[in-house]
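Working notes for the structure below.
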Amino acid sequence: MLGVNQHEKRRQVAGVFIVLGLVIEAMCLLWSTPIAFVIFVAIGGLLMFVGIVLYLYSLVSSLDAPE
Amino acid sequence: MLHATILILSLILFSAVVISVLIARPTITASRGGKILAFVAMFCLPIFCGLLGVSKEMARSKSTNFCLSCHTMDGYGKSLYVDDPTHLPASHFQNHRVPADEACYSCHTNYAMFGGLKVKLYGLKHVAIYYLGTPPAPENIKLYEPYNNRECLHCHLGARSFEEGAVHNADPATLPAIKANLLSCLSSGCHEIAHDLGHLKDAKFWKAGK
Chain A
2 MLGVNQHEKR RQVAGVFIVL GLVIEAMCLL WSTPIAFVIF VAIGGLLMFV GIVLYLYSLV
62 SSLDAPE
Chain B
6 MLHATILILS LILFSAVVIS VLIARPTITA SRGGKILAFV AMFCLPIFCG LLGVSKEMAR
66 SKSTNFCLSC HTMDGYGKSL YVDDPTHLPA SHFQNHRVPA DEACYSCHTN YAMFGGLKVK
126 LYGLKHVAIY YLGTPPAPEN IKLYEPYNNR ECLHCHLGAR SFEEGAVHNA DPATLPAIKA
186 NLLSCLSSGC HEIAHDLGHL KDAKFWKAGK
């Protein structure tokens, strides 16, 4: 399941974070309460943010070191 | 609204599937096409989905049902159906002077720059108090700051009933004072009945609107 090199592993972890964030976003869209809004912003948003930053970091770090 | 939700959910599902494929087969990203696919799936699509979701959630948080979903607000929701034309929220809601599906937000937002953001932060504070603190009894809930005439004038300014109203023009100083927020529409004793929770149990209610 996990990739062969460090960059691919980072991308996989980033992907997991982003998918979790997307799943939380989808659940909150189906649940119309104030707490859903907070979960969407605080947890879903945070997971997606971490995933995207990790993905961008994997891109930048792969430029430094040849795979 | 439902179509928009389905569209956003479809995009989220599509993004999740593409990212899952990239997680399962990371070697796809070795090729140039794979790198572009990964960039679109792991950067562009999540940001796009996030923005659509935020926009949807922000729109939904303006709805009357959203505000009334907390039990603390039950009395305030009932007060919209009071059968009394002098009851300010009820007359606005029942006569569609504000959109019925955004009744709370229309009067309780802040029509200044970044006012929408400010009231959303107040909303987050409400949620925090509701879940983490001790919410006050409904009749003890107070506004964070005195009600500003600006919110009333957002709709009423320039309206004939407001500009030419007999009471508003009885004294030439009254209208300028209202417009300058020196004389409150609510607390000056003119339109003071807003969400009178103390008398709800004795009130008559408008049944047709339910």
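Respectively, the protein sequence lines represent chains A and B. Counted the way the working numbering counts, the first sequence spans residues 2 to 68. Counted the way the working numbering counts, the second sequence spans residues 6 to 215. Glycine is no exception: its CB is placed at the ideal position from the N, C-alpha and C atoms. Since this is a predicted model, take the numbers as computed values, not measurements.
| Query | Result |
| --- | --- |
| So what's A/Leu60 in DSSP terms, helix, strand or just coil? | helix |
| Would DSSP call A/Val39 helix, strand or coil? | helix |
| What number of angstroms, rounded off, separates the C-alpha of B/His113 from the C-alpha of B/Ser36? | 54 Å |
| Quick one: what's got a C-beta closer than 6 Å to B/His159's C-beta in the same chain, skipping five residues either side? | Tyr116 |
| Give a yes or no on whether the C-beta atoms belonging to B/Cys157 and B/Cys109 are separated by under 8 Å. | no |
| Am I right that B/Leu93 and B/Ile198 are in contact with their C-beta atoms under 8 Å? What's the rounded C-beta distance? | 6 Å |
| Check the DSSP bridge columns for B/Phe210 and list the partner residues they point to. | B/Val87 |
| Counting contacts by CB-CB distance shorter than 8 Å, is A/Ser33 in contact with chain B? | yes |
| What residues in its chain sit with their C-beta under 8 Å from that of B/Tyr149, if we drop five residues either side in the sequence? | Tyr127 |
| Assuming B/Thr77 and B/Tyr135 are in contact, meaning their beta carbons sit under 8 Å apart, how far apart are those beta carbons, in whole angstroms? | 7 Å |
| Once DSSP output is grouped into helix, strand and coil, what is the label at B/Ile146? | coil |
| Whose C-alpha, out of A/Met28, A/Glu9, A/Ile36 and A/Leu30, is nearest the C-alpha of B/Ile24? | A/Glu9 |
| Just curious, the alpha helix (DSSP H) that B/His196 is in, first and last residue? | B/His196 -> no alpha helix (DSSP H), and no H or E assigned at all. |
| For the 8 Å Cβ check, are there 3 or more pairs between the segment 6 to 18 of chain B and the segment 53 to 67 of chain B? | yes |
| Distance check for B/His200 and B/Phe98, CA to CA, integer angstroms please. | 12 Å |
| Determine the burial state of B/Lys5: buried for a count of at least 16 other Cβ atoms within 10 Å of its Cβ, exposed for fewer. | Absent from the structure is residue 5 of chain B, since the part of chain B shown begins at 6 and ends at 215. |
| Thinking just about the alpha-carbon of each residue, which of A/Asn6, A/Leu31, A/Ser33 and A/Gly16 is nearest to the one in B/Leu50? | A/Gly16 |
| Quick one: which unbroken alpha helix (DSSP H) runs of 4-plus residues sit fully inside the segment 147 to 172 of chain B? Chain order, please. | 154 to 161 and 165 to 168 |
| Determine the chain B residues that contact A/Ile53 at a beta-carbon separation under 8 Å, and present them in chain order. | Met47, Phe48, Pro51 and Ile52 |
| Below 8 Å on the Cβ atoms is my guess for A/Cys29 versus A/Ile19; work out the distance and round it to an integer in Å. | With 8 Å as the limit, A/Cys29 and A/Ile19 do not qualify as a contact, their Cβ atoms being about 16 Å apart. |
| Strictly below 8 Å CB to CB, what residues from chain A border B/Asn134? | Strictly speaking, residue 134 of chain B in this sequence is Ile, with Asn absent from that position. Per Cβ cutoff of 8 Å: no residues; B/Ile134 is ~11 Å from chain A at best. |
| Listing by chain order, which chain B residues have their CB less than 7 Å from the CB of A/Val61? | Those do not exist, as A/Val61 stays about 12 Å from chain B at its closest Cβ, beyond 7 Å. |
| Using a Cβ-Cβ cut-off of 8 Å, state whether B/Thr114 counts as contacting chain A. | no |
| Between the segment 41 to 53 of chain A and the segment 70 to 89 of chain B, do at least 3 Cβ pairs fall closer than 8 Å? | no |
| Note down the Cα distance separating B/Ser153 from B/Ala185, rounded to an integer number of angstroms. | In the sequence as presented, Ser is not what sits at residue 153 of chain B; that position holds Asn. Near 10 Å, if we compare the C-alpha coordinates of B/Ala185 and B/Asn153. |
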